[in-house]
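One structure is given below, encoded as structure tokens.
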Amino acid sequence: MDSAQALHRLHFAFTITYHYLFPQLTMGLALVIFLWKTMALRTGEDRYNRAARFWTRIFAINFAMGVATGIPMQFQFGTNWARFAETAGGVIGQTLAMEGVYSFFLESTFLGLLLFGERRLGPRGHWFAALCVFAGSWLSGFFIVATNAWMQHPVGYTIDAAGRLQLASVWALLLNPWALWQYAHTMLGSVVTAGVVIGSVGAAYVLLGRHADAGRTFVRMGVPAGLIGSVLLAFPTGDTQGKMVAHNQPVTLAAMEGLFETVEGAPLAILGQPDMDRLELDNPLEVPRMLSFLTYQRWGAEVKGLKDFSREDWPQNIPLLYYSYHIMVGLGTIFIAILGVAALQLWRRRLFESRWTLWPLALLLPFPYIANTAGWMTAELGRQPWLIYGLMRTQEGFSANVSAGNAMFTLIGFMGMYTILSILFLLLVFRELEHGPQPDDAASTHAG
Amino acid sequence: METLWFALVAGMLAMYVVFDGFDLGAGIVHLYAGRSDRERRLVLQTIGPVWDGNEVWLLAAGGTLFFAFPVLYASSLSGFYLPLMMVLWLFMLRGLAIEFRHHFDNAVWRPFWDVVFAGSSALLAFFLGAALGNVVRGVPLDEEARFFLPLWTDFRTGAAPGILDWYTGLVGAGAFLALAEHGGWWVALKAGGEVQRRARAAARAAWWGVAAFTLVVTAVTFGLQPRVLARLSAHPWGLVFPAIALAGLAVTGWSGRLGEDRRAFLGSCAYLIGMLASVAFGLYPFVLPSSVDPSRGLDIYAAAAGPYGLRVGLAWFVPGMVLVTAYFVFTYRRLAGKTTMQEDGY
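Going line by line, the protein sequences match chains Z and H.
Residues in the first sequence are numbered from 0 upward in steps of one, following numbering that gives the first Met the number 0.
Residues in the second sequence are numbered from 0 upward in steps of one, following numbering that gives the first Met the number 0.
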């Protein structure tokens, strides 16, 4: 791999991976805050408003981080991927411009009102501000996922005389089936992050015996939200995406599953390490015939292995792709188990006495972040060696006029900048968690 | 259709400069206008509820540029790679300074972020001006409309310039003064007491600099980029744009002396819009002139997306802008009048 290409890829991968740590919480949290505001309006119980207020402060810190790290993303298409931007801008520029016009203005207008406007707006007005922030952030997610989905599965375009891709149907772009399923899957992932973070913090408060009332309110929201999200992530959204990959990107499926040989009745690898020298899976732990069934609903169906695809079409980093995919699926399964037990205990009204259930719940906090990151890595590594699947290879897309040295300079700059950001972020969030939701927390004191 | 999108993107950039310009300018005068922590909080509170929305104009303009003129987007962003990345870092630092300053109340944390806020605002104003200077001067485009500019070469304009040369530096300094004045009037308009008095003094002082720079930069630009003067003499109706700028400058100078902050601020808005519109008019139909061959360059027809995309873009862009206008009217009406010091927030 040419070193300029490698650096431009790493540049984008690093900045996008870091960026996505924040929106994955804020999008889910925006929904949860909206639900709490709705419950407060319906029941008149103030504990929902207190919970919303506390999490809005955490939301604000995360949102500021998301905005700060999100600005470079939009520009990187032009700075580091100029040949791609020129070729595909006629299509994906549409969704990115829509995001700016429809989401960013909406969010920036109403976030301030959500943060500082509770007293002046009254309950209904404040509820409306929560709705607008929720709508803005979920719209933003849609435009980004639609952009990515088009790169995975290009639709609604023509190729002009200069070899550039031009939009042929805006509806095809927005209603790309790949986009709709990927959007559902991504947003559910965000709901799981928010649900688990809220549930974990709540469980920790209960275990600590501090802010225990508020902690119970958090757990009652976080556990069901996380469980519903986790189940829907597996089925139907994950399952359908798997089938779309099998149909449109069969070589990606083989690489994700670590399947080297074409076989009828292909097994599903649960564990094992892809050995790229001998082209086999080391130490495999497999469920016989399961992959064939999951993919084609027939136990004996043939699944094509990597060896039957041209090597130049293989994703470049098969082990990383394989591990990303397995980590995502493995963690997703663990979420269903832990949250399922917690939900059962909650339903039996025993959860808050059961330390055996609260502890795993409290420790679950970082894992949705890992699962969501692994999921995005699966999507992005799985698309390789293509930048736009079947149309443009990654090596044809980066800015050839920006040298490796310049790309490394700014990559190091971003790494330094994000190190500082991480320290500040953790400092501020831990301070909020330490402070906790106060029972006398007046409408908009202690701004976040 | 290409011309319409050229005007729309230029209009969005002008909106960006007018709106984010005043909060950048507030940052430039921040340390001078606000001496105590309380006064500095007041400066921040005049822009607190709006700065983020103002900055969105740049993101939205960037997105619109990407979709309407993908070739220009690809060429300019990769060609101006280094300064653009530095601008992004400055934007990040500045946003954090505004949002994180109020989280701790101590004598190290707050003054630190005050300096970050003022410094990043000042550098951004300078860099945005220098960027404009680079576009006017032109860049060494190759056959594929690509280029890569180093930060500086010999500080001279010519076939192989750097981002910073005497001309772009001059435009950058002019932008710094213009936004300092713009932000000064904003703070004077929104704040009271000593903060208002100092912001006014800063804006009045900056006005003289702006007036002088306007003369110098205009004269130099006519020499450096003959296209601008040629366009103006071929289409004299375009003189309306420089006339707006001059009228704005005159109104600001006159009203500023009388202490009519509101009119002075509006005059400054007119000045910025007039100047940017003059540049856009003077370069049209080029969006990136060539510094190698003055007759060539990237024009809107070569840079634009396909006709269907541009047409369908209007269908969602226009309703979107109606909504955006509604948000801005709502926000600024809600915040009309003097900013009252809030104990919570910023």
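Backbone N, C-alpha and C define an ideal beta-carbon position, used for all residues, glycine too.
Would a check of beta-carbon distances place residue i closer than 8 Å to chain Z?
i      : result
H/P69  : yes
H/V42  : no
H/Y72  : yes
H/L95  : yes
H/G168 : no
H/L122 : no
H/L81  : yes
The ligand ADP and residue i: does any heavy atom of the ligand fall closer than 7 Å to the residue's C-beta?
i      : result
H/L214 : In the structure shown, the ligand ADP is absent, as is every other ligand, since no ligand is present at all.
Using a Cβ-Cβ distance under 8 Å, would residue i count as near chain H?
i      : result
Z/A129 : no
Z/L423 : yes
Z/S398 : yes
Z/T78  : yes
Z/M150 : no
Z/E433 : no
Z/G65  : no
Z/A96  : yes
Z/T444 : Note that Z/T444 scores a pLDDT of 41, beneath 50, so its modelled location is shaky; the value from the coordinates is reported in the next line. Yes, Z/T444 counts as interfacial toward chain H.
Z/N405 : yes
Z/P283 : no
Z/F484 : For residue 484 of chain Z there is no data in the structure shown, the boundaries of chain Z being 0 and 447.
Z/V222 : no
Z/T216 : no
Z/S2   : no
Under 8 Å, do residue i and residue j count as touching if we go by C-beta distance?
i      : j      : result
H/G26  : H/A117 : yes
Z/T377 : Z/M255 : yes
H/L297 : H/L282 : no
H/F79  : H/L123 : no
H/P306 : Z/A84  : no
Z/T356 : Z/L364 : no
Z/G89  : H/G308 : yes
H/A96  : H/V115 : yes
Z/A59  : Z/S199 : no
Z/L166 : Z/W149 : no
Z/I32  : Z/V428 : no
Where does residue i sit, in a helix, a strand or coil, going by DSSP?
i      : result
H/V291 : coil
H/R39  : helix
H/H151 : Contrary to the premise, residue 151 of chain H reads as Trp rather than His in this sequence. H/W151 falls in the strand class under three-state DSSP.
Z/L363 : coil
Z/W170 : helix
Z/Q296 : coil
Z/M453 : Because chain Z here runs from 0 to 447, residue 453 of chain Z falls outside it and cannot be looked at.
H/D349 : Here chain H comprises residues numbered 0 to 345, so residue 349 of chain H is not present and cannot be evaluated.
Z/G447 : Note on Z/G447: pLDDT 35, under 50, position unreliable in the model; no value is reported.
Z/Y156 : strand
Z/D440 : The pLDDT assigned to Z/D440 is 48, lower than 50, so where the model puts this residue is not dependable, and the model offers no usable value.
H/N53  : helix
Z/P384 : coil
Z/P273 : strand
In chain H, which residues lie less than 9 Å from residue i when you measure between Cβ atoms?
i     : result
Z/N48 : Near Z/N48 there are no residues of chain H at all, since even the closest Cβ is about 16 Å away, more than 9 Å.
Z/Q73 : L58, G61, G62 and F65
Run through chain Z and tell me which residues come within less than 8 Å of residue i, C-beta to C-beta.
i      : result
H/V55  : G99, F103, F104 and S107
H/V16  : Per Cβ cutoff of 8 Å: no residues; H/V16 is ~17 Å from chain Z at best.
H/R145 : A81, A399 and N400
Determine the chain Z residues that contact residue i at a beta-carbon separation under 7 Å, and present them in chain order.
i      : result
H/A304 : G88, G89, G92 and Q165
H/G52  : F104, S107 and T108
H/W315 : M97
Taking residue i as the query, report the chain H residues whose CB atoms sit under 7 Å from its CB, ordered along the chain.
i      : result
Z/G412 : M84 and W88
Z/M416 : W88 and M91
Z/G111 : P48
Using a C-beta to C-beta distance shorter than 9 Å, which residues of chain Z count as neighbours of residue i?
i      : result
H/S77  : G77, T78, N79, W80, A81, R82, A84, S398, A399, N400 and V401
H/V311 : Q93, L166, S168 and V169
Report the neighbours of residue i on chain H: residues whose CB is nearer than 8 Å to its CB, in chain order.
i      : result
Z/F115 : P48, Q341, D343 and G344
Z/L450 : For chain Z, the structure presents residues 0 to 447; residue 450 of chain Z sits outside this window and is missing.
Is the region 89–101 of chain H close to the region 36–47 of chain H, with three or more CB pairs under 8 Å?
Touching, yes.
With a cut-off of 8 Å, do at least 3 Cβ pairs link the region 170–180 of chain Z to the region 0–15 of chain Z?
No: fewer than three Cβ pairs fall under 8 Å.
Contact between the region 123–137 of chain Z and the region 105–114 of chain Z: three or more CB pairs below 8 Å?
The answer is yes - the region 105–114 of chain Z touches the region 123–137 of chain Z, with three or more Cβ pairs under 8 Å.
Taking 8 Å as the cut-off, does the region 186–196 of chain Z touch the region 225–244 of chain Z (at least 3 CB pairs, one atom from each stretch)?
Yes, they touch.
Would the region 177–192 of chain H and the region 259–275 of chain H be scored as touching if the rule is three or more Cβ pairs under 8 Å?
Counting Cβ pairs under 8 Å, three or more are found: they touch.
On the three-pair Cβ rule with 8 Å, is the region 190–200 of chain H touching the region 266–278 of chain H?
A contact between stretches requires three or more CB pairs, one per stretch, nearer than 8 Å, and the region 190–200 of chain H fails this requirement with the region 266–278 of chain H.
Whether or not the region 3–22 of chain H and the region 53–67 of chain H are in contact is what I'm after, with contact meaning three or more pairs of Cβ atoms, one per stretch, closer than 8 Å; do they touch?
When C-beta atoms of the region 53–67 of chain H are compared with those of the region 3–22 of chain H, three or more pairs fall below 8 Å, so the two segments count as touching.
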